[in-house]
Each structure stands twice: as C-alpha cells, then as structure tokens.
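**Student:** Residue numbers (our numbering), protein chains in the order written: chain G, 458 to 571; chain A, 4 to 114.
Ideal placement from N, C-alpha and C gives every residue a C-beta, glycine not left out.
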Amino acid sequence: DGGITQSPKYLFRKEGQNVTLSCEQNLNHDAMYWYRQDPGQGLRLIYYSQIVNDFQKGDIAEGYSVSREKKESFPLTVTSAQKNPTAFYLCASSTLQQGSYEQYFGPGTRLTVT
Amino acid sequence: DAKTTQPTSMDCAEGRAANLPCNHSTISGNEYVYWYRQIHSQGPQYIIHGLKNNETNEMASLIITEDRKSSTLILPHATLRDTAVYYCIVRGMDSSYKLIFGSGTRLLVRP
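(1) So V536 (chain G) and S522 (chain G) are supposed to be a Cβ contact under 8 Å. How far apart are they, rounded?
(2) Between which two residues does the beta strand (DSSP E) carrying F469 (chain G) extend?
(3) Taking C-beta pairs closer than 7 Å, name the residues in chain A that N554 (chain G) reaches, listed in chain order.
(4) Is the beta carbon of I51 (chain A) less than 8 Å from the beta carbon of N60 (chain A)?
(5) Any Cβ of chain A within less than 8 Å of the Cβ of Q482 (chain G)?
(6) For E519 (chain G), which residues in the same chain have their Cβ closer than 8 Å to its Cβ, ignoring the five residues on either side in sequence?
(7) Any idea which residues DSSP pairs L78 (chain A) with across the strands?
(8) Closest Cβ-Cβ distance between Q45 (chain A) and chain G: below 8 Å?
(9) Grouping DSSP H, G and I as helix and E and B as strand, with all else coil, what is L553 (chain G)?
(10) Which chain G residues sit within Cβ distance under 9 Å of Y90 (chain A)?
(11) List, in chain order, every chain A residue whose beta-carbon is nearer than 9 Å to that of F562 (chain G).
(12) Drop a sphere of 10 angstroms on the beta-carbon of A20 (chain A), count the other beta-carbons inside from all chains shown, and report buried for 16 or more, exposed for fewer.
(13) Any beta carbon of chain G sitting closer than 8 Å to that of H80 (chain A)?
(14) Pick helix, strand or coil for D85 (chain A), following the three-state DSSP scheme.
(15) Whose Cβ in chain G lies nearer than 9 Å to the Cβ of G107 (chain A)?
(16) CB of I67 (chain A) to nearest heavy atom of the ligand NAD: below 7 Å?
So this is what it looks like as structure tokens:
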C-alpha cells in the first residue's frame with residue numbers, strides 16, 4: 458500500500474530528553490512537512506523539505522531539528538530546548554507538480570513529555 | 004496567504020446534504036481554495052480544491068462565488084463517518100507550498 462507511516466503512535470518521554478519521530482513515505486513525493494497540533498487548534502508548520510539534503514524552517518521551528526538524507530524519510534527531533542513539546546505531531550508529503558499540491562498526511566504521533 | 008473565516012460548529016442529519024461555508028474576502032487572483040478534514044486523532048485528509056470554477060469529485064462539491072470571496076463545501080449525503088473538523092484553506096503557489104490551518108468547522112452528523 459502506498460502512503461505515509463509515522464511511528465510510534467504514542468510516545469512518552471521525560472523532560473530534558475531529546476526524542477526523534479519517524480516519518481516515511483513511499484509515494485515518491487518530493488516534498489515533506491512536519492506540523493504540530495495542540496488540542497482544539499489547527500496545524501502549525503514546523504519544518505518542510507522540497508528536496509533531499511535541503512529543508513526550511515516553518516512558523517514554529519525553535520526547539521526542533523530535521524534531516525532529509527533520503528527522499529522517502531524525514532525524521533523530526535524534538536529537543537530539550539522545546540519548551541512545550543507535548544502535542545500531536547503530523548507528517549505530510551506532496552508532489553511539486555504544477556497544480557497538484559495537495560498534501561497527504563500520516564496518522565500522527567502523540568508525544569507526551571512529563 | 005489569505006485568511007479564512009468558518010463557523011465554529013455545525014450539525015446536520017444523516018442522509019441530508021451538509022453545506023459548510025467559508026469566507027475568504029481577501030483572496031487574490033492566483034490563490035486556490037482547498038478543503039481538508041480531520042477525523043478525531045487522525046491526520047487531515049484532502050477533500051477537494053478549486054480556483055474559480057465549481058468542482059466535484061467522489062467526496063464532495065466545491066462551490067466558489069463569482070467574486071471568489073466565499074465558497075461552500077457540499078457533502079451531498081452526509082453519513083456518521085463524515086463527523087470531523089473541516090478546514091478551508093486559501094493558498095497561493097509560492098515556493099513554500101505550505102498550508103495554513105485555521106480552527107476549522109466541527110461538523111456533527113446526527114443519526
């Protein structure tokens with residue numbers, strides 16, 4: 458099946474620890490994105506990447522880091538510098554073909570930091 | 004990207020049409036209207052998008068007013084599985100390709 462996978466679905470960490478969230482896609486999409494969602498809110502963009510080995514900060518990049526070493530993979534690290542890391546994290550991908558920019562989302566990872 | 008305004012919540016009866024409005028009065032000529040929905044605790048799902056003309060696919064219809072300042076998403080025969088938060092997003096085709104999500108409309112389909 459083609460799609461986007463995120464693992465794990467639930468993740469628990471102690472404050473002060475870095476944690477890496479996985480995102481893999483087999484849709485052959487060029488672009489990948491990470492969003493954060495807080496309860497009752499819309500999604501906010503953390504980082505995005507349009508090509509391997511290149512990525513750009515979104516609206517709330519502070520305290521996060523990413524890498525894009527392979528086209529199909531875009532892991533997100535939540536560092537100890539992120540002041541409020543508990544949230545629902547969503548990964549998405551899209552093509553960059555003209556007129557076809559809809560994004561496809563993974564199932565999300567719910568991170569709880571105590 | 005232009006800002007959108009949607010009602011906080013709506014409800015409709017199962018089997019009836021659900022009409023979800025969206026205002027985007029500051030939309031510019033090259034900006035598209037996109038609709039996504041998010042079922043509780045899942046990732047958002049793309050529904051439909053359009054520029055000027057009305058659009059229809061297997062999920063829904065999108066009606067855009069002639070002045071493009073508002074649009075309506077129509078689910079022709081709502082089912083209980085259509086209960087979700089629906090997001091109306093206006094975006095241009097700039098280099099970021101990012102989506103800006105507002106708070107959306109929470110649609111409850113009643114049995």
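**Tutor:** So, from the data block:
(1) Your numbering for residue 536 (chain G) matches position 79 in the first sequence. Your numbering for residue 522 (chain G) matches position 65 in the first sequence. Going by the sequence as given, residue 536 (chain G) is Thr instead of Val. T536 (chain G) to S522 (chain G), Cβ: 6 Å. Contact.
(2) Looking up residue 469 (chain G) in the first sequence gives position 12. Here the beta strand (DSSP E) through F469 (chain G) covers Y467 to R470.
(3) As a first step, residue 554 (chain G) is located in the first sequence; it is residue number 97 there, counting from the start. Looking at the sequence shown, residue 554 (chain G) is not Asn but Gln. Residues of chain A passing the Cβ test: none, with the nearest at roughly 11 Å.
(4) The count along the second sequence starts at 1 and reaches residue 51 (chain A) at position 48. The count along the second sequence starts at 1 and reaches residue 60 (chain A) at position 57. Closer than 8 Å, so yes.
(5) Position 25 of the first sequence, counting from 1, holds the residue named residue 482 (chain G). Judged by the 8 Å Cβ criterion, Q482 (chain G) is not in contact with chain A.
(6) Reading the first sequence from its first residue, position 62 is the one you call residue 519 (chain G). Only A538 and Q539 meet the Cβ criterion.
(7) Taking the second sequence and counting its residues from 1, one reaches residue 78 (chain A) at position 75. Answer by DSSP bridge pairing, in chain order: A:A21.
(8) In the second sequence, counting from the first residue as 1, residue 45 (chain A) sits at position 42. Judged by the 8 Å Cβ criterion, Q45 (chain A) is in contact with chain G.
(9) For this step, residue 553 (chain G) is matched to residue 96 along the first sequence. Three-state result, L553 (chain G): coil.
(10) Within the second sequence, the letter at position 87 stands for residue 90 (chain A). In chain order: G499 and L500.
(11) By one-based count along the first sequence, residue 562 (chain G) stands at place 105. Under the 9 Å cutoff, chain A gives Y39, Q41, Q45, G46, P47, Q48 and Y49.
(12) Position 17 of the second sequence, counted from the start, is the residue given in the question as residue 20 (chain A). That one is exposed.
(13) On the second sequence, position 77 is the one that residue 80 (chain A) refers to. It does not: the Cβ of H80 (chain A) has no partner Cβ on chain G nearer than 8 Å.
(14) Counting from 1 along the second sequence, the entry for residue 85 (chain A) is found at position 82. D85 (chain A) falls in the helix class under three-state DSSP.
(15) Taking the second sequence and counting its residues from 1, the one referred to as residue 107 (chain A) is at position 104. Residues of chain G passing the Cβ test: G499.
(16) With respect to the ligand NAD, the structure shown offers nothing to examine, as it has no ligands at all.
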